[in-house]
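Residue numbers (UniProt numbering): 1 to 316. Have a look at the structure below, then the notes.
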């Protein structure tokens, strides 16, 4: 019955079961009286139960791939790609399973393309905003500071203290604008490389009260601009989550090579994820990881939350 449509396969199974049941009743030395006796009723009921059980077993074998397909459809997650239903040439629903697997491949491919376009547009927008912050707002605040400095020499002593406070506020605002611009566009990543960018990132978070211990192995292979940017953004998001949500006092930031992959690990000593649903930050990290074929794992660590990104090396 290989290759037979499911409808005709079910009809054939039912037909064979009824034929077997009819032949068994015809050939068996059993008679039925005009008034059905108890013993005759028991035989008929047992025969009916046997037919139903045999029919259900045969149908279950034929329809089992549909149950597996339904379970896979309930659990499929495009952010965790690669799950497929095993195909079998002996399956009555082979064409349905093959079509579903092909649909998953198309959806993952289209999602990957759309994510790549969205993240590329996001990075371009980050660069634009960082440039405007630096060139317009930063230069404007610098001009304000220069003007306040010139005014400070010509104002009465009673006003100088207030003027100094305004200067300090403008200077703090300028520093914050520059810090935001650096986070939006990691120029150190483009100029000095990934390890220097991670060192600057660790220093920045340490300056805000969270201890960041950085562990790197020497001689890391060349990863390319796209992969380095994904590693940097994942590390940045993981450190941000540790500072904002985990109430962590210390974080271990590690970048090392293990076999044919480069592993980024961010482990904090905070309160953990508390069984909360993944937010937009973690989903964004998963989408970035998918773009470069990396594997992202987010879960409980030894004392807090652990983020692990495994970036496979390109085979030459």
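Note that the Cβ used here is the ideal one computed from N, Cα and C, for glycine as well. All values derive from a computational prediction rather than experimental measurement.
I believe residue 133 touches residue 172 by the beta-carbon criterion, under 8 Å. Please report the beta-carbon distance rounded to the nearest angstrom. That pair is no contact at about 15 Å.
Going by the CB atoms, is the gap between residue 272 and residue 246 shorter than 8 Å? yes
Compare the Cα-Cα distances from residue 250 to each of 257, 288, 306 and report the closest residue. Of the candidates 257, 288, 306, the one whose C-alpha sits nearest the C-alpha of residue 250 is 306.
List the endpoints of the continuous beta strand (DSSP E) containing residue 261. Here the beta strand (DSSP E) through residue 261 covers 261 to 268.
Roughly how many whole angstroms lie between the Cα atoms of residue 120 and residue 114? 10 Å
Taking the beta strand (DSSP E) that residue 153 falls in, what are its first and last residues? Unbroken run through residue 153: none, as it is neither H nor E.
Simplified DSSP assignment, three categories, for residue 271: In this structure, residue 271 counts as coil in the three-state DSSP scheme.
For residue 295, name the three-state secondary structure that DSSP assigns. strand
Do residue 243 and residue 205 have their C-beta atoms closer together than 8 Å? yes
Quick check on residue 244: does DSSP put it in helix, strand or coil? helix
Out of 135, 232, 161, which has the shortest C-alpha to C-alpha gap to residue 188? 232
Please state if the CB of residue 42 and the CB of residue 69 are separated by a distance shorter than 8 Å. no
For residue 187, report the span of its alpha helix (DSSP H) as first-last. 187 to 192
Uninterrupted alpha helix (DSSP H) stretches inside the region 97 to 164 (no shorter than 4 residues): Taking only runs of at least 4 residues, the alpha helix (DSSP H) segments lying wholly in the region 97 to 164 are 139 to 152.
If we call anything under 8 Å between Cβ atoms a contact, is residue 319 one with residue 241? For residue 319 there is no data in the structure shown, the boundaries of the chain being 1 and 316.
Could you check whether residue 130 and residue 184 sit closer than 8 Å to each other, using their CB atoms as the reference points? yes
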